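Chemist:
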Amino acid sequence: MTAPFITRFAPSPNGELHLGHALSALTAFDMARRYGGQFILRIEDIDVQRTREQHVAGICDDLRWLGIEWDGPLLRQSVRFDAYREATQRLQDLGVLYPCFATRSEIEAAAAGRHTGTDPDGSPLYPGLCKNLSASEIAHRTASGEPYCLRLDMDLALEAANAMSKGRPLVFGEWTGEYSNPPSMVTADPARWGDAVIVRKDTPASYHLAVVVDDAMQGITHVIRGRDLYAATGLHRLLQVLLDIPEPVYHHHRLLLDAAGRKLSKSIGSTSLRSLRQAGTTPAEIRQLVGLPPAPA
Ligand code: GLU
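For what it's worth, my numbering labels the leading residue of the sequence shown as 2, then goes sequentially.
1. Kindly examine ligand 1 and report whether one of its heavy atoms sits closer than 7 Å to the Cβ of R226.
2. Give me the residue from T283, L293, S266 and V214 with the minimum Cα distance to T89.
3. Taking only three categories from DSSP, how would you classify L159?
4. Assuming contact is defined by CB atoms lying nearer than 8 Å, are L24 and H252 in contact in what I supplied?
5. Measuring CA to CA, which of S137, G59 and H116 is closest to L126?
6. Answer with buried or exposed for V49, where buried requires no fewer than 16 other C-beta atoms within 10 angstroms of its C-beta.
7. Quick check on the burial criterion: 16 or more other C-beta atoms within 10 angstroms. Buried or exposed for G68?
8. Any beta-carbon of chain B closer than 8 Å to the one on L159?
9. According to DSSP, is I44 part of a helix, a strand, or is it coil?
10. Does DSSP classify R53 as helix, strand or coil?
11. Just to confirm my understanding: we take L98, look at its own chain, exclude 5 residues before and 5 after, and list those with CB closer than 8 Å. What are they?
12. P100 bridges to which residues according to DSSP?
13. Could you spell out the range, first to last residue, of the alpha helix (DSSP H) harbouring I139?
14. Rounded to the nearest angstrom, how far is the Cβ of F102 from that of P205, given a contact under 8 Å?
15. Rounded to the nearest angstrom, what separates S1 and L243 at their Cα positions?
16. Grouping DSSP H, G and I as helix and E and B as strand, with all else coil, what is R263?
17. Report the start-end ranges of each beta strand (DSSP E) in the region 2-26 that is 3 residues or longer and not cut off at the edges.
18. If you follow the alpha helix (DSSP H) that S276 is in, where does it begin and where does it stop?
19. CB of L230 to nearest heavy atom of ligand 1: below 7 Å?
20. Tell me where the beta strand (DSSP E) around I199 begins and ends.
21. Given R263, which residues of its chain have a CB within under 7 Å of its CB, disregarding the five upstream and five downstream residues?
22. Which term fits D203, buried or exposed, when burial requires 16 or more other beta carbons within 10 angstroms of its beta carbon?
23. Are the beta-carbon atoms of L274 and E109 separated by less than 8 Å?
24. Let me confirm a value: V80 is counted as buried when at least 16 other C-beta atoms fall within 10 Å, else exposed. Which label applies?
25. Once DSSP output is grouped into helix, strand and coil, what is the label at I225?
26. Measuring straight from C-alpha to C-alpha, what distance separates L95 and S185?
27. For L171 versus R86, is the C-beta spacing smaller than 8 Å?
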């Protein structure tokens, strides 16, 4: 294999890693080793309020315990805010962002009244509350210090992307994980997200902006992550076109579910790798528990 292979594991340090993270990290690490590539660790800590240093240290400990070594220094997104501001400026120059002052409860109430439906994460689609504010109202509200996020005007963004890509369809490559198989082309459907938040009120990016900017900056060729982010990839492709940055190939792996059929997550208190380790589970058993073959020799 001669083409570069650079992948990454990108956890958010707001809790302890669980078996779902182990599956993601081991899948990406095994593939990087198998294809003579690099495996990068990126800490997605744009949410500085929820970041806990003990979780950053815990992530590193858990990965080393699993036998995972990352290449190069780990990158923290909290040092990348200038890069996100630069990307935001580019989107603003394209005229595809607008400020939104609405609170979560205002949005929920308006969305319920207008039956807007939900995005792929189950959140109400933005009902357009601040979409047509006058320039003077925006100036007045920002000058008075009212917090706002920046949203993508999805219709304008799709139009701009279509013009920039000369009408080529918006697709992403979904790879099976076997080098001999070319990726299948999946139609990206960013409109399912409505006018998505690109810059949050409390921090100079959203997950969607930060992830595409950093995947590009780090030269990630293969994004390996859970199936729960499959729909988000449509939005990521749109941002890559608008920002004129390279597109990686994607591999969205199966998800681990609990006994009730729910995706493992911090919020439902899924058992942490640390507690499994403390209870005497071995790294080889973790691989078995997540359905991976023994570590390659
Ligand atoms: N930070 C995201 C998470 O912890 C993962 C992002 C990604 O792999 O694109 O869910």
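Beta carbons: idealized from backbone N, C-alpha and C, even for Gly.
Please read these numbers as outputs of a predicted model, since none were measured by experiment.
Modeler: Taking the geometry as given:
1. yes
2. V214
3. helix
4. no
5. H116
6. exposed
7. exposed
8. Structure shown: chain B not included; a single protein chain is present.
9. strand
10. coil
11. T89, L92, L151, R152, L153, D154, I199 and V200
12. L151
13. A136 to A144
14. That pair is no contact at about 17 Å.
15. The structure shown does not extend to residue 1, since the chain is modelled only from 2 to 298, so the question has no answer here.
16. coil
17. 7-10
18. L274 to Q279
19. yes
20. V198 to V200
21. I269
22. exposed
23. no
24. exposed
25. strand
26. 30 Å
27. no
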